[in-house]
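Have a look at the structure below before the remarks.
In this note's numbering, the protein residues as written are 58 to 300.
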């Protein structure tokens, strides 16, 4: 079987703006997709929230509007931000993104924060989706099933409990994940364009079975809500379509 990449599975075309939300792999997903898109193309990576300053091997160029470094509109991966804050995180305004999007073939935006926790709830102003978005990709790692509902595992625990009716210290269930995916205040809140679910951390038959069970239940609840469901392992660079 021919190995497929994320770009091919998403059916990206030049001019697409992809906003990435959720938890458990957003930044890695963004850089993996950027790498696939960068052959003979100009790829913009940025954030509508905050992301860690990239490693040297993750981007080809960095440009910050508050610094005097030169903007280079070359093929490859360019990270654009306004400045790096005291936590060594990149911050970028909506106006800056809008000013530079037209100069690139593909734009990838990390649009949600999860404090490196595998699950999250959403506050009133999250996620932050740019109006020019053509595809919203929501990420959930299947390995969250059976984790305990607590502050250690879940960012914005109060909002998560309200969204899913989960109780503190109980285990995360498929029903909780279904609610996260299809609830208007969940993963795809504020989404624009196509809604694409990516189930991460599928690295064995057990995880794939869990993912397919989740997809089956989501389809029963609302089979027209999602445009596409992908699965795979960002860590292993393995990606496939589930629906």
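Every residue, glycine too, gets a C-beta built ideally from N, C-alpha and C.
Quick caveat, the model's predicted, so the values are computed rather than measured.
Counting every other CB atom within 10 Å of its CB across the protein chains shown gives residue 295 a total below 16, marking it as exposed. For residue 125, the secondary structure class from DSSP, reduced to helix, strand or coil, is coil. The beta carbon of residue 104 sits closer than 8 Å to the beta carbons of 138, 147, 148, 149, 166, 167 and 168 from its chain, once the five residues preceding and following it are set aside; these are given in chain order. Across the structure, residue 250 and residue 232 are spaced so that their CA atoms are roughly 26 Å apart.
Taking residue 198 as the centre and dropping the five residues before and after it, the same chain places the C-beta of 81, 175, 257 and 258 closer than 6 Å to its C-beta, in chain order.
With the rule of 3 Cβ pairs closer than 8 Å, the segment 211-223 counts as touching the segment 176-187. Residue 86 sits in a helix when the DSSP states are folded into three classes.
Look at residue 173 here: in three-state DSSP terms it is coil, with no helix or strand label.
Classified as buried, residue 184 has 16 or more neighbouring CB atoms from the shown chains inside 10 Å of its CB.
Annotation for residue 296: the continuous beta strand (DSSP E) segment containing it runs 295-298. With respect to the 8 Å criterion, residue 101 and residue 157 are classified as neighbours on the basis of their beta carbons. Under the three-state reduction of DSSP output, residue 158 falls in the helix class. Within the segment 209-288, the runs of beta strand (DSSP E) that reach at least 3 residues and sit entirely inside it are, in chain order, 251-257. Distance from the CA atom of residue 263 to the CA atom of residue 290, rounded to whole angstroms, is 13 Å.
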